[in-house]
Amino acid sequence: MALSDRPQQKEIITRHGIKEHKRNTARILLVEDNKINQKVALKMLDKMGFTADVANNGREGWMASQNEEYDIILMDCQMPVMDGFEATEKILEEPAEGRQPIIIAMTAFAMEGDRERCLKVGMKDYITKPINQKELNQKIRHWLNR
Numbered sequence: 001m002a003l004s005d006r007p008q009q010k011e012i013i014t015r016h017g018i019k020e021h022k023r024n025t026a027r028i029l030l031v032e033d034n035k036i037n038q039k040v041a042l043k044m045l046d047k048m049g050f051t052a053d054v055a056n057n058g059r060e061g062w063m064a065s066q067n068e069e070y071d072i073i074l075m076d077c078q079m080p081v082m083d084g085f086e087a088t089e090k091i092l093e094e095p096a097e098g099r100q101p102i103i104i105a106m107t108a109f110a111m112e113g114d115r116e117r118c119l120k121v122g123m124k125d126y127i128t129k130p131i132n133q134k135e136l137n138q139k140i141r142h143w144l145n146r
């Protein structure tokens, strides 16, 4: 049977299908100064069906957040120019038009009190490096479904 002779199938749209589409079109900003960590995180995000903009330090991340409305910002904490803590405070002080983004710390800081410091400045979640793809996926999907 030729392709033109086949009956056309209609796409069925369900609430679940809409949620899946929304998740994969989420606006994500990766704020990370280390080029290798950037490549690793971008590859993980790609495998999860996401794309992301990249900022090389906290100042670039803050500036990007002023020009675009992001759903999720993955924020390294220790960076040159402006660290992730200061960048988070600035982003949340002056959010772009619309709602505030969810900021998830991605950090090598794993000592007692580090998670609390991240939450205190306004980050909503925390993931330690090296990043585990399954954990990253769970956290992103959790916050997109809130």
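In UniProt numbering, the protein residues as written are 1 to 146. Glycine included, every Cβ here is placed at the ideal spot set by N, Cα and C. Just so we're clear, the structure is a prediction, and the values are computed from it rather than from any experiment.
Between the beta-carbon of I103 and that of M75 there is about 5 Å, and that keeps the pair under the 8 Å contact cut. In its chain, beyond the 5 residues on either side, I104 and K139 have a beta carbon closer than 6 Å to the beta carbon of D125. Here DSSP, grouped into helix, strand and coil, assigns A108 to coil. T51 sits in coil when the DSSP states are folded into three classes, being neither helix nor strand. A55 is classed as buried because its beta carbon has at least 16 other beta carbons within 10 Å across all chains shown.
Using a Cβ-Cβ distance cut-off of 8 Å, the stretch 78-88 and the stretch 106-125 are in contact, since at least three pairs of beta carbons, one from each stretch, lie closer than that value. Annotated three-state conformation of M123 is coil, per DSSP.
In this structure G58 touches V31 by the C-beta definition: roughly 6 Å separates them, less than 8 Å. Under the three-state reduction of DSSP, V81 is assigned to coil, being neither helix nor strand. Under DSSP, L92 forms no beta bridge with any residue.
Within a 10 Å sphere around the beta-carbon of T107 sit 16 or more other beta-carbons, which makes this residue buried.
Judged by beta-carbon spacing, Q133 lies beyond the 8 Å limit of E94, meaning their Cβ atoms are not closer than that value. Annotation: W62 to T51 spans about 19 Å, alpha carbon to alpha carbon. One alpha carbon belongs to Q100, the other to N24, and they sit about 19 Å apart. E60 and Q78 have their C-alpha atoms some 14 Å from each other.
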